[in-house]
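Taking the working numbering, the leading residue of the sequence shown gets 263, the next gets one more, and so forth.
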Amino acid sequence: MNFSETVNCSVIHKAGWVVIDPYTIVRDGFVHVDSGLIKDVGRGSCSGHIIGHIIDYGPGALLPVLINAHTHLELCALKDKVLPEKGFRNWVENLINLRNSVGSEHLKTAAINGVKELVESGCGVIGEISTLGLTWEIVSNSSLAGVWFREFLGNDLHQDIKCYNEKSFIKSIAGHAPHTMSPELLVDLKDRTRKENIPFSIHLAESEDEIMFLTTGKGIWADFMTEKGIDFSGWNLPVETPVRYLEDLGVLDENTIAVHLIHAKEKDFEILLRHNVRVCLCLRSNFNLHDMMPDLTGMLKAGLKPCLGTDSLASTKSLSIFDEMAFVSKSFPLIPPAEILAMATVNGATALGLGEMFGSLTPGKRAAFVYVPVDVLSKSELQQALVNANFKGSCKTVLQ
Ligand SMILES: [Zn+2]
263 MNFSETVNCS
273 VIHKAGWVVI
283 DPYTIVRDGF
293 VHVDSGLIKD
303 VGRGSCSGHI
313 IGHIIDYGPG
323 ALLPVLINAH
333 THLELCALKD
343 KVLPEKGFRN
353 WVENLINLRN
363 SVGSEHLKTA
373 AINGVKELVE
383 SGCGVIGEIS
393 TLGLTWEIVS
403 NSSLAGVWFR
413 EFLGNDLHQD
423 IKCYNEKSFI
433 KSIAGHAPHT
443 MSPELLVDLK
453 DRTRKENIPF
463 SIHLAESEDE
473 IMFLTTGKGI
483 WADFMTEKGI
493 DFSGWNLPVE
503 TPVRYLEDLG
513 VLDENTIAVH
523 LIHAKEKDFE
533 ILLRHNVRVC
543 LCLRSNFNLH
553 DMMPDLTGML
563 KAGLKPCLGT
573 DSLASTKSLS
583 IFDEMAFVSK
593 SFPLIPPAEI
603 LAMATVNGAT
613 ALGLGEMFGS
623 LTPGKRAAFV
633 YVPVDVLSKS
643 ELQQALVNAN
653 FKGSCKTVLQ
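Structure follows, in structure tokens:
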């Protein structure tokens with residue numbers, strides 16, 4: 263069912279467990295939905311006289327739909343085709359060559375399958391990064407909600423960009439990365455999203471080339487730019503860190519999503535926190551491409567509230583946020599499961615500017631939830647189960 267359709271009936275959704283949010287879980291719970299919105303949620307049966315029907319999903323758990331805050335559906339066609347073994351720079355080069363050779367129809371067909379995979383793995387909201395502009399129709403006509411970011415890089419100022427805030431899909435802009443675009447373009451793009459009060463996304467502190475270039479003004483990336491005849495003498499390099507660079511450019515605020523942050527340190531976390539920047543992590547992709555991961559423990563200690571993305575199928579095996587949570591849980595076993603669940607739900611909704619509609623099963627929000635067939639005896643067992651399994655083929659996503 264599409265989000266734009268109104269559901270004019272009252273339905274009680276029941277299950278053995280209802281995860282209202284990662285910290286508020288009720289046993290034998292219900293979610294009362296009316297006209298596509300959550301009216302009430304709680305334990306036992308819904309109070310009051312309800313005209314409508316009851317759907318009992320079984321002894322498992324109903325939880326808010328998961329949020330994949332950073333993906334590239336245009337690269338679904340490249341699954342298992344670009345191997346990261348020869349380093350990140352080669353991977354990017356191979357990716358671009360292969361993407362160009364595949365053809366846009368094939369890229370679109372694979373992106374449609376990507377949407378299917380997202381829904382089947384419990385996802386209801388996405389942050390889609392589109393480099394070629396091929397996926398707007400696909401995502402905005404799907405049952406998903408989210409933000410579609412048209413990505414830019416280079417030096418050119420683009421006059422024809424339109425961004426706007428629609429009911430279920432926001433059309434916005436992403437800057438590729440601070441080392442692949444001029445500071446003028448970066449500031450201009452951020453300003454355009456600022457005017458609309460919508461999210462802006464950027465890959466940040468991801469690769470060693472980026473760090474070397476920004477912090478020294480030299481290295482392989484500087485050589486590459488010089489070779490291409492790109493003049494970066496006005497970029498005010500070197501800078502202390504990529505995060506500091508963006509702070510100096512004035513593009514950090516609560517509508518900026520900083521993605522990856524593999525090389526960010528404590529001082530950067532303070533800056534990100536001070537400006538209330540949203541942080542999105544794609545740990546499986548980082549591990550596969552860079553053999554490194556960001557300091558998630560340090561981020562949480564600093565008070566940041568990261569959300570999760572999968573990145574594309576060119577750098578990770580699936581678009582499933584259940585898989586992503588399982589990887590976080592395995593890699594950082596001391597992080598409580600509820601915090602990991604928050605990364606996959608409420609933090610993602612907030613980062614994408616959709617916190618009033620998604621992220622938890624609280625009254626007033628959209629009826630967008632997923633049922634998973636778990637067999638558990640306690641809340642803590644449930645939290646553990648949710649962040650350590652992929653529920654492939656067994657979860658049921660309800661999007662109204
Ligand atoms: Zn990305």
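All C-beta atoms in this analysis are idealised placements derived from N, C-alpha and C, irrespective of residue type, glycine included.
Values in this document were obtained by computation on a predicted structure and should not be read as measured data.
By how many angstroms is the C-alpha of residue j removed from the C-alpha of residue i?
| i | j | result |
| --- | --- | --- |
| E489 | E355 | 16 angstroms |
| A277 | V660 | 13 angstroms |
| F292 | H275 | 5 angstroms |
| P635 | L644 | 11 angstroms |
| N650 | S593 | 11 angstroms |
| V539 | N609 | 12 angstroms |
| I282 | G365 | 43 angstroms |
| T612 | E379 | 23 angstroms |
| L396 | S642 | 42 angstroms |
| E586 | E618 | 24 angstroms |
| L325 | L623 | 7 angstroms |
| E470 | L360 | 24 angstroms |
| T268 | K457 | Confidence in T268 is poor, its pLDDT being 39 and thus under 50, which makes the residue's placement unreliable; the coordinate value appears in the next sentence. The straight-line gap from Cα to Cα measures roughly 30 angstroms. |
| I329 | D485 | 39 angstroms |
| A576 | H294 | 40 angstroms |
| D493 | K529 | 30 angstroms |
| D557 | T371 | 36 angstroms |
| K616 | N550 | The sequence given here has Leu at residue 616, not Lys. Taking the straight line from one Cα to the other gives about 30 angstroms. |
| A436 | V327 | 24 angstroms |
| W497 | T333 | 29 angstroms |
| S272 | D296 | 4 angstroms |
| A526 | V505 | 7 angstroms |
| S444 | I316 | 56 angstroms |
With which residues is residue i paired in a DSSP beta bridge?
| i | result |
| --- | --- |
| R289 | W279 |
| T659 | V632 |
| L357 | Looking at the DSSP assignment, L357 forms no beta bridge with any residue, so it has no partner. |
| D302 | H294 |
| M619 | Note: M619 sits in no beta bridge, so no partner. |
| R540 | I519 |
Comparing C-alpha positions only, which one of the options sits nearest to residue i?
| i | options | result |
| --- | --- | --- |
| K567 | M605, V364 and R536 | M605 |
| L335 | H294, T393, G621 and S430 | T393 |
| S495 | Y285, L508 and K480 | K480 |
| P284 | Y633, M561 and G621 | G621 |
| V280 | L299, Y319 and S272 | Y319 |
| C544 | L466, V409, N459 and G322 | L466 |
| M555 | D573, V505, K433 and I524 | I524 |
| D422 | G408, P445, R454 and T333 | R454 |
| E367 | G615, N352 and A339 | A339 |
| R628 | A331, D342 and S405 | S405 |
| L581 | W353, G376 and H315 | G376 |
| D450 | L415, A331, S591 and D557 | L415 |
| Y507 | L448, F462 and E516 | L448 |
| F589 | N652, D637, D418 and A373 | N652 |
| A331 | P625, P461 and G560 | P461 |
| K654 | D302, N403 and C385 | C385 |
| K563 | E468, W353 and E532 | E532 |
| S463 | G408, I432, A373 and A520 | A520 |
Classify residue i as helix, strand or coil using the three-state DSSP reduction.
| i | result |
| --- | --- |
| W410 | strand |
| D471 | helix |
| N264 | With a pLDDT of only 39 at N264, under the threshold of 50, the placement of this residue in the model should not be trusted, and no figure is reported. |
| D318 | strand |
| I602 | helix |
| V269 | At V269, the pLDDT of 45 sits below 50, so the modelled position is not reliable and the matter cannot be decided from this model. |
| F462 | strand |
| S392 | strand |
| S430 | coil |
| I435 | strand |
| G376 | helix |
| A651 | coil |
| N550 | helix |
| H368 | helix |
| V387 | strand |
| A339 | helix |
| I524 | coil |
| I400 | helix |
| M555 | coil |
| P440 | coil |
| I583 | helix |
| N330 | strand |
| G416 | strand |
Step through the CB atoms of chain B and report whether any lies within less than 8 angstroms of the CB of residue i.
| i | result |
| --- | --- |
| P504 | The structure shown contains no chain B, having only a single protein chain. |
Problem - Closer than 7 angstroms: residues whose CB approaches a heavy atom of ligand 1 - result: H332, H334, I391, H465, V521, C544, D573 and S574
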